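Chains as they are written, first to last, in our numbering: chain A, 1 to 112; chain B, 113 to 226.
By construction, the Cβ of each residue, glycine as well, lies at the ideal position given by its N, Cα and C atoms.
Owing to the predicted nature of the structure, the values given are computational and were not obtained by experimental measurement.
To start, the structure under review is shown below, and the notes come after it.
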């Protein structure tokens, strides 16, 4: 069945460092890909998405490109801030019911 | 309402008891999803409803789990004869239509089974 594998955490970075969180997927067909973020004490919210190959999703300085050839959707940010500390989830939605299949989550901690 | 709401926010119960969790989706959202998040793990899909279609129950872990939805409004997730392994955060999400649309998540219900 469909699955998502993402980089294990926790990841600890200094402010202004470059961030990459790896995400790869296995799916039949052409799923949509998402990054969700869960800030401390808050609910899960959509960070960015891409619906077809070579699409780039971006939001709040974060970017991820849908790479069909490598079945990847890595999350990047050029300069992280303390406020980016959160748990990040990579997910895919199939084309049938649209249910989301999530990776395990990666906890990011940014130190000043 | 402004977003997806869930109640209760926390529920502590004894093993063997039944529990009901409630979800109020965003008005007008035809698709509603339930997920479970165990401690330190990703979210697992449980069930989804889309309009008047038969629900997709493929993620329900056992026949102790069931869910209902009244039209395009409130949904209730029921867990019968709770077990300790049912302890988790239960999240509800809704979206305008299924597939490629953004799902908006509620704050979750933290269930603890003693």
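Counting the other CB atoms within 10 Å of its CB gives residue 175 of chain B a total below 16, which places it among the exposed residues. Within the same chain, Cβ atoms closer than 6 Å to the Cβ of residue 34 of chain A are found at 49, 91, the five residues on either side in sequence being excluded.
Per DSSP, the unbroken beta strand (DSSP E) holding residue 200 of chain B starts and ends at 200-207.
The alpha carbon of residue 190 of chain B has as its nearest neighbour, out of B/164, B/202, B/139, the alpha carbon of B/202.
By the neighbour-count definition (other C-beta atoms within 10 Å, threshold 16), residue 68 of chain A is an exposed residue.
For residue 107 of chain A against residue 40 of chain A, the beta-carbon gap comes to about 10 Å, at or over 8 Å, which does not count as contact.
Within chain A, not a single residue places a beta-carbon under 8 Å from that of residue 179 of chain B; the smallest gap is close to 13 Å.
With its beta carbon less than 8 Å from one in chain B, residue 99 of chain A belongs to the interface. Relative to residue 166 of chain B, the option among B/181, B/173, B/137 whose CA is nearest is B/181. Residue state for residue 197 of chain B is assigned as helix, using DSSP reduced to three classes.
The stretch 74-86 of chain A makes contact with the stretch 15-31 of chain A: 3 or more CB pairs, one atom from each, lie closer than 8 Å. Between the alpha carbons of residue 4 of chain A and residue 103 of chain A lies a distance of about 5 Å.
For residue 44 of chain A, the nearest CB of chain B lies under 8 Å from its own CB, placing it at the interface with that chain. Comparing alpha carbon positions, the residue from A/29, A/47, A/70 closest to residue 59 of chain A is A/47. Within its own chain, the residues whose Cβ lies closer than 6 Å to the Cβ of residue 184 of chain B, once the five positions on either side in sequence are excluded, are 142, listed in chain order. Boundaries cannot be given for residue 142 of chain B, as no beta strand (DSSP E) includes it and DSSP labels it neither H nor E. Going by DSSP, residue 129 of chain B is part of no beta strand (DSSP E) at all; its letter is neither H nor E. The three-state secondary structure of residue 80 of chain A, taken from DSSP, is coil. No Cβ-Cβ contact shorter than 8 Å links residue 56 of chain A with residue 157 of chain B. Residue 205 of chain B is a Cβ neighbour of residue 218 of chain B, given a cutoff of 8 Å. Note that the C-beta distance between residue 188 of chain B and residue 126 of chain B is not below 8 Å.
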